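Numbering follows the working numbering, with no gaps: position 107 of the sequence shown is 748. For every residue, glycine included, the Cβ atom is placed at its ideal position computed from N, Cα and C. Bear in mind the structure is a predicted one, so any value in this text is a computation, not a measurement.
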Amino acid sequence: MDRNVKNDEQRKWLLGKLKKLEAVKYPLLVLLLGAGLLLIPWGGGNTEQAAKPVQTEETVDLAAELEALLTQLEGAGEVRVLLTVAEGVSHTYQTDLQTSADGTTTERQEETVLVSDGAGGETPITRTTTYPTYQGAVVLCQGADSAAVRLDIVKAVSSLTGLGSDRITVMKMKR
Numbered sequence: 642m643d644r645n646v647k648n649d650e651q652r653k654w655l656l657g658k659l660k661k662l663e664a665v666k667y668p669l670l671v672l673l674l675g676a677g678l679l680l681i682p683w684g685g686g687n688t689e690q691a692a693k694p695v696q697t698e699e700t701v702d703l704a705a706e707l708e709a710l711l712t713q714l715e716g717a718g719e720v721r722v723l724l725t726v727a728e729g730v731s732h733t734y735q736t737d738l739q740t741s742a743d744g745t746t747t748e749r750q751e752e753t754v755l756v757s758d759g760a761g762g763e764t765p766i767t768r769t770t771t772y773p774t775y776q777g778a779v780v781l782c783q784g785a786d787s788a789a790v791r792l793d794i795v796k797a798v799s800s801l802t803g804l805g806s807d808r809i810t811v812m813k814m815k816r
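Structure (structure tokens):
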């Protein structure tokens with residue numbers, strides 16, 4: 642009988658602990674769920690890098706066009722333009738999705754759609770093109786000592802690149 646009393650005491654002690662655990666069950670569950678979510682990779686991994694002057698073909702073309710345009714601006718004189726790019730041009734190509742199922746497995750195959758260019762070669766069909774996102778602009782010009790010229794240059798560069806005036810610097814070029 643002494644043994645039954647001991648088992649009853651252990652059972653009561655265990656039930657008391659479970660009742661205390663019942664009160665913190667939901668906060669503990671939320672805490673464990675939050676910790677689990679922190680362990681899931683969400684794909685953010687790339688940290689923002691310092692701005693580097695990236696010269697792509699499109700950037701060089703726009704910079705050359707800007708230089709030619711701004712040189713025509715009254716009082717600007719000789720002009721040089723440097724654009725930094727956050728993201729360059731990217732293309733998304735049309736794809737063809739083929740699926741086959743043979744009872745137990747499903748096989749998916751995605752292929753880029755190609756079109757013959759008439760000279761025996763093939764080129765992919767472009768579905769979307771994303772144009773560059775500019776990060777900043779530096780403009781050197783001989784007439785930068787005039788506030789009106791600087792303002793006109795900032796307006797022109799802003800309207801062509803989509804940059805805000807805080808991301809465009811206009812400086813006087815040495816002679």
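Apart from the 5 residues on each side of it in sequence, LEU738 sits with its Cβ closer than 6 Å to the Cβ of GLU751 in its chain, given in chain order.
The alpha-carbon separation between LEU662 and LEU656 amounts to approximately 10 Å. Scanning LEU703, GLU715, LEU755 for the CA closest to the CA of TYR734 turns up LEU755. Secondary structure note for LEU723: its beta strand (DSSP E) is the uninterrupted segment 720-728. Note on the stretch 742-792: whole beta strand (DSSP E) runs with a minimum of 3 residues are 747-753, 755-757, 763-765, 767-771, 774-782, in chain order. In this structure, DSSP gives LEU714 a state outside helix and strand, which the three-state scheme calls coil. Across the structure, ALA704 and ALA789 are spaced so that their CA atoms are roughly 21 Å apart.
Between THR736 and THR712, the gap from beta carbon to beta carbon reaches 8 Å or more. Around ASP793, the same chain offers LEU714 as residues with beta carbons nearer than 7 Å, after the five sequence neighbours per side are excluded. Straight-line spacing of the CA atoms in THR774 and ILE809 works out to 14 Å.
Secondary structure note for LYS666: it is in no beta strand (DSSP E), and the uninterrupted alpha helix (DSSP H) holding it is 666-680. LEU804 sits in coil when the DSSP states are folded into three classes, being neither helix nor strand.
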